Amino acid sequence: MLKELELQKEYLGRQTIETIYFGGGTPSILTAQEIQTFIDRVIHLHPVASGAEISMEANPDDLTPQQVKELKPQTLTVSVLASNHSLKRI
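Numbering (UniProt numbering), first residue to last: 1 to 90.
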């Protein structure tokens, strides 16, 4: 993903990024440090709006309270398509 950011730098030019969205697949399998490294790289390569939204999709089987505490995403979407039937009832 970091290499892809480098490759897209010219395409995006100096457009200001207003949203950083982690979705598709299971981004919650990444550690908080890996996600923070990615965010830091985005900020290094591109102008990011102050107060930019950072959103993340998560699988409840992978998401830990520690990740939420460390990342503090503004928006967190948790999939209810979990295999754990007790989670579907919530």
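Where a beta carbon is used, it is the ideal one built from N, C-alpha and C, also for glycine.
In this text, all values refer to a predicted model and were calculated from it rather than measured experimentally.
Point to revise | Bridge-paired residues (DSSP) for Ile-17 | key: Val-48
Check your understanding: Going along the chain, which residues of its own chain have a beta-carbon closer than 8 Å to the beta-carbon of Val-42, five neighbours each way excluded?
Key -> The residues Leu-5, Ile-17, Ile-20 and Val-48, in chain order, have a CB closer than 8 Å to that of Val-42 in the same chain once the five nearest residues on each side in sequence are set aside.
**Study point:** Within 8 Å, strictly: CB atoms of Leu-63 and Lys-9
**Key:** no
Practice item. Can you tell me which of the three DSSP states Leu-63 falls into? Key: coil
**Study point:** Beta-bridge pairing of Thr-75 - partner residues as DSSP gives them
**Key:** Residue pairing by DSSP places Thr-75 opposite Ser-55 in a beta bridge.
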